[in-house]
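Protein chains: 2
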Amino acid sequence: MNYRNLDRLFNPKSIAMIGASATPVKWGFIVLLNILKEGFKGPVYPVNPKLKTILGVTCYPSLEAIPEPVDLVIITTPAPTVSALIDECGRKGVASVVVITSGFSETGPDGTRMEQEIVAKAQGYGIHLVGPNTMGIFSAKSNLHALMPPVVPLHGGLSMFSQSGNVGVQMLYWGNNKGIGFNKFVSSGNEGDLKGEDYLSYFAEDKDTKVILAYLEGLDPDSKLYQVARKVCRKKPVLIFKGGRTQTGGKAAASHSGAMAVSSRVLRAAFRQAGIIEIENSQGLIDCAKAFSASPIPRGNRVAILTRGGGWGVITADSCEENGLIIPKLSDTIIERMNKILPPYWSHGNPVDMAAVITSEPYLQCMEMLAEWDEVDSVIALGGSIQSAMDFKNDVEGPKELKETLAFAQEFAKEYTAQDDVVLEQTRQLVEKTGKPIIVVTLGEYDNHKSDLMDHQVVSYPTPERAVRALKRMVDYRRFLDSPV
Amino acid sequence: MNYRNLDRLFNPKSIAMIGASATPVKWGFIVLLNILKEGFKGPVYPVNPKLKTILGVTCYPSLEAIPEPVDLVIITTPAPTVSALIDECGRKGVASVVVITSGFSETGPDGTRMEQEIVAKAQGYGIHLVGPNTMGIFSAKSNLHALMPPVVPLHGGLSMFSQSGNVGVQMLYWGNNKGIGFNKFVSSGNEGDLKGEDYLSYFAEDKDTKVILAYLEGLDPDSKLYQVARKVCRKKPVLIFKGGRTQTGGKAAASHSGAMAVSSRVLRAAFRQAGIIEIENSQGLIDCAKAFSASPIPRGNRVAILTRGGGWGVITADSCEENGLIIPKLSDTIIERMNKILPPYWSHGNPVDMAAVITSEPYLQCMEMLAEWDEVDSVIALGGSIQSAMDFKNDVEGPKELKETLAFAQEFAKEYTAQDDVVLEQTRQLVEKTGKPIIVVTLGEYDNHKSDLMDHQVVSYPTPERAVRALKRMVDYRRFLDSPV
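If you're matching them up, the sequences are chains R and G in order.
FYI, the numbering for the first sequence is 83 to 567, going by this note's numbering.
FYI, the numbering for the second sequence is 83 to 567, going by this note's numbering.
This is how it looks when you write it as structure tokens:
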């Protein structure tokens, strides 16, 4: 396999920005702004013959006029100018070029000819070319934010390539909201030079990348992606969401990124064989990204369920069985131990329904018993409506006693909510100690605890079905890892 | 059909609370607090022989001691006391009793005997009995919050009965977060007397109820629910989520609510025949509740897709086709009209990919063309990452010019976000004018615009797949309505 080392692309020593502009609506301004505001670790050289400075930074009339070496060049000037610029890059000894400019193969035969020309030139110079028609790249290590939107991802172990800029960038935003950190991101655009398999094999070798994420729209029937994936998946989980699975979707993809259609069935089989974790929808992509980033992979498919409300236990059990996960019968030893801390009307089985016990001590004690139980490989722990229930308003009419009581209830609610952090930390310690995933279901509006998941190793979802889907993918991956090579 | 009028249950003139307590951890205190703090429209009489007042309200030693008539009695005293209390209610001429107390048929043969006794007595007196083992009831019209948790639902046209208190109450919370208003809610508990079919037929006749929601765990094989549903579904949509679909889930349900298992396949067929909209998971239940509450039902299955990013258009088109929705080819007339307002590289097809046009005017113009287009029955409009992209921090190091620019960008972001309300209002007007659903996909963390959906008639979801699933259920319902009786 022709492995291409992309270290200098993702962690360049210096950047030149050709097409740098002082006009706020131009991408040559916005991308430069994003690079500068996040403090890229190295010199940034705007290139524009008409300006002396942009955003307070010295501007150069051309790439050649920059007195220092340049590792990475970002281009936003119109498509017909790019070919000559690649020559300049070649003469300057540039390692990598990101061509944000669109108007290439996605627009028809003329664009395709232009694209072939710049790709051939770049390859001739040994330059790695991203795009064209890309939304840019991000790298945590170098604070590199050469992106069209001003998103600032959390830092973590997830690296992603996306054949759609919009979809990829949205994952960065969702990651921010859900506590999922990214290590490297690239909007791969038309993939004229660097292709999915190049990013995939680079991420496989990259020690800072723990989990690989991809959004794909098209695959050449002879794409090397499968061969590459077959090796990579043994080392690191690869999660892929494929757009253009249907006729209508495929047609839309063709007009958008010139993607080639491959039969869904063929693709799915190839994915499965390679060990790729195929994700079925956009919510699942970020849900699974979270689980694989922050949770240990379970050793098998046996699950214990802990709940404060019977109905939610039923729903979770249904979802587990529908996804091939096993809910073992509770052992007599555990039943006896739980009898001592739970009221008599608890469920006496798995799911463990605590039956409206809302305090956190028995909850954590039960969770520990379940996590340490030999017969299960993971725990799903449902929070319940308790936290969100603690929402009292102040402006109630009525007797003094009623008002005083509500003020008291409000204080109690605050104290109660403050326990959340303690519960989370103890859950994290339990994951560390047992090496088993504990998936938390908040039943709330938010699916995490607004903390950095890379540290906490506890993942949470708003509904049990989403928790089960993510857990099921981890179980599938374990099965793949355990299968003979 | 033996229709039972539950007006006096949901809209009583007066309430007595037997088991009213001054001890904050007791349910007899908490339920009373919830009733009082929300200002029930009528007198509330706490009953407790040991106290003169509770929360500043006069307390009575017994039900008989209350000098005025009592419509509704809430009971939280222990199970063995309930039977005698029902006799008291009978003598007092009480219309309805809510038995919150647990320890009845869900606990075994002794509890079953007690339950049979209180039910027989209540029926003898012509009293409507909710529960036992219930979390209570809510009614918007009378500000009735006889519930165990302090949830205060938004008011709207949705009425729900739930065989799990926890699951039902969670829907009320989720409704609050998603702008979905409830009209009536009952946790039906063990359904000793009033059963699912009673609530269903009452909601069917109730003019304030527009959509009916239910969480079911068990159904007697000879349940009248199917027969009732067959009539109701022609009048109003009935959305049902069924727990205990699997062996494991069914076993958990049996231990929790004593539910009888019915084969999933049999059930599904019966649901479909009756016109019930069966929901597949908890997220889908609240998603569909929103769509049916706030959106018109589409006339057919043809969908136009409007997007700012190609990848999201592809994903939406895939999901539509996978759910049997049709994406018609864009007409030449619309293409010509869009050519005038969109940049040359827009998709020229359906999905309409505006290709990174972020301003709201062309977005609304395109939406209008699509909503008014004869060839489609609904529009899915994707927002894109624009709103969430406008998140700038202040504390950037760098030249003065950079800081000034960021301050300017922040102002721009604020103005841009302020446009959201204008877009929402114009979208609502377009739904009103065309009578077609316009489903908005925010791609953000929140799936609504924090406005009262009953007024706005625009529903939104964070992901296209969730929008499509909800739309598909509305299309299914239209097909049922159009089918011969």
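Just so you know, even glycine gets a beta-carbon here, dropped at the ideal spot from N, CA and C.
Fair warning: this is a prediction, and the values are worked out from it, not measured in the lab.
Beta-carbon spacing of residue i, residue j below 8 Å
i: residue 230 (chain G); j: residue 242 (chain G); result: no
i: residue 195 (chain R); j: residue 153 (chain R); result: no
i: residue 219 (chain G); j: residue 372 (chain G); result: no
i: residue 264 (chain G); j: residue 222 (chain G); result: yes
i: residue 570 (chain G); j: residue 239 (chain G); result: Since the first and last residues shown for chain G are 83 and 567, residue 570 (chain G) lies out of range.
i: residue 161 (chain R); j: residue 186 (chain R); result: yes
i: residue 391 (chain R); j: residue 248 (chain G); result: yes
i: residue 409 (chain R); j: residue 453 (chain R); result: no
i: residue 399 (chain G); j: residue 328 (chain R); result: yes
i: residue 300 (chain G); j: residue 269 (chain G); result: no
i: residue 458 (chain R); j: residue 550 (chain R); result: no
i: residue 291 (chain G); j: residue 266 (chain G); result: yes
i: residue 396 (chain G); j: residue 334 (chain R); result: yes
i: residue 546 (chain R); j: residue 413 (chain R); result: no
i: residue 523 (chain R); j: residue 540 (chain R); result: no
For residue i, the first and last residue of its enclosing beta strand (DSSP E)
i: residue 155 (chain R); result: 154-157
i: residue 324 (chain R); result: 320-324
i: residue 166 (chain R); result: Unbroken run through residue 166 (chain R) is the alpha helix (DSSP H), 161-174; no beta strand (DSSP E).
i: residue 401 (chain G); result: That residue, residue 401 (chain G), is in no beta strand (DSSP E); its alpha helix (DSSP H) goes 392-404.
i: residue 180 (chain G); result: 178-181
i: residue 464 (chain R); result: 460-464
i: residue 75 (chain G); result: Any question about residue 75 (chain G) goes unanswered here, given that chain G covers just 83 to 567.
i: residue 359 (chain G); result: 359-361
i: residue 522 (chain R); result: 520-523
Alpha helix (DSSP H) segment containing residue i, residue limits
i: residue 450 (chain R); result: 442-453
i: residue 543 (chain R); result: First-last for residue 543 (chain R): 541-543, but that is the beta strand (DSSP E), not the alpha helix (DSSP H).
i: residue 513 (chain G); result: 482-516
i: residue 63 (chain R); result: Limits of chain R in this structure are 83 at one end and 567 at the other, which puts residue 63 (chain R) out of reach.
i: residue 233 (chain R); result: Here residue 233 (chain R) belongs to no alpha helix (DSSP H), and DSSP marks it neither H nor E.
i: residue 115 (chain G); result: 109-119
i: residue 415 (chain G); result: 414-421
i: residue 375 (chain R); result: 364-376
i: residue 308 (chain G); result: 307-317
i: residue 348 (chain R); result: 346-356
i: residue 91 (chain R); result: 89-92
In DSSP terms, what residue i is bridged to
i: residue 228 (chain G); result: G:219
i: residue 243 (chain G); result: G:268, G:296
i: residue 128 (chain G); result: G:99
i: residue 210 (chain G); result: G:178
i: residue 408 (chain G); result: G:384
i: residue 140 (chain G); result: G:135
i: residue 434 (chain R); result: R:388
Amino acids of chain R, ordered along the chain, whose beta-carbon sits closer than 8 Å to that of residue i
i: residue 365 (chain G); result: 544, 545, 547, 548
i: residue 488 (chain G); result: 115, 119
i: residue 297 (chain G); result: 393
Beta-carbon neighbours of residue i, restricted to chain R and to distances below 9 Å
i: residue 481 (chain G); result: 118, 135, 137, 138, 139
i: residue 484 (chain G); result: 115, 118, 119, 137, 138, 139
Amino acids of chain G, ordered along the chain, whose beta-carbon sits closer than 9 Å to that of residue i
i: residue 127 (chain R); result: What residue 127 (chain R) touches in chain G: nothing, since even the nearest Cβ is about 15 Å away.
i: residue 402 (chain R); result: 328, 330, 331
i: residue 463 (chain R); result: Here the premise fails: no neighbours, minimum Cβ distance about 15 Å.
8 Å Cβ cut-off: residues of chain G touching residue i
i: residue 639 (chain R); result: The question about residue 639 (chain R) has no answer, for chain R in this structure spans 83 to 567.
i: residue 246 (chain R); result: 391, 392, 393, 394, 396
Closer than 7 Å at the beta carbon, the chain R residues around residue i
i: residue 570 (chain G); result: Outside the modelled stretch of chain G, which goes from 83 to 567, sits residue 570 (chain G), for which no answer is possible.
i: residue 525 (chain G); result: 252
i: residue 189 (chain G); result: 427
i: residue 386 (chain G); result: Near residue 386 (chain G) there are no residues of chain R at all, since even the closest Cβ is about 12 Å away, more than 7 Å.
Any non-hydrogen atom of the ligand GTP closer than 7 Å to residue i Cβ
i: residue 208 (chain R); result: With respect to the ligand GTP, the structure offers nothing, as it holds no ligand at all.
Cβ of residue i within 8 Å of any chain C Cβ
i: residue 396 (chain R); result: Among the protein chains of the structure shown, namely R and G, there is no chain C.
Residue i: contacting residues in chain G (beta-carbon distance under 7 Å)
i: residue 478 (chain R); result: 119
Worksheet item: Name the residues in the region 323-339 of chain G whose C-beta lies less than 9 Å from a C-beta of chain R; which are they?
Response: Answer in chain order: 323, 324, 325, 326, 327, 328, 329, 330, 331, 332, 333, 334, 335, 337, 338, 339.
Item to complete: Return the residues of the region 248-261 of chain G that lie within a Cβ-Cβ distance of less than 7 Å from chain R, sorted by chain order.
Response: 248, 249, 251, 252, 255, 259
Worksheet item: What residues from the region 402-422 of chain G come within 8 Å of chain R, judged by C-beta to C-beta, listed N to C?
Response: Here the close residues are 402, 403, 404, 409.
Discussion item. To be precise: take each residue of the region 490-524 of chain G, compare its Cβ to all Cβ atoms of chain R, and keep it if any distance is under 7 Å. Which residues remain?
Written reply: none
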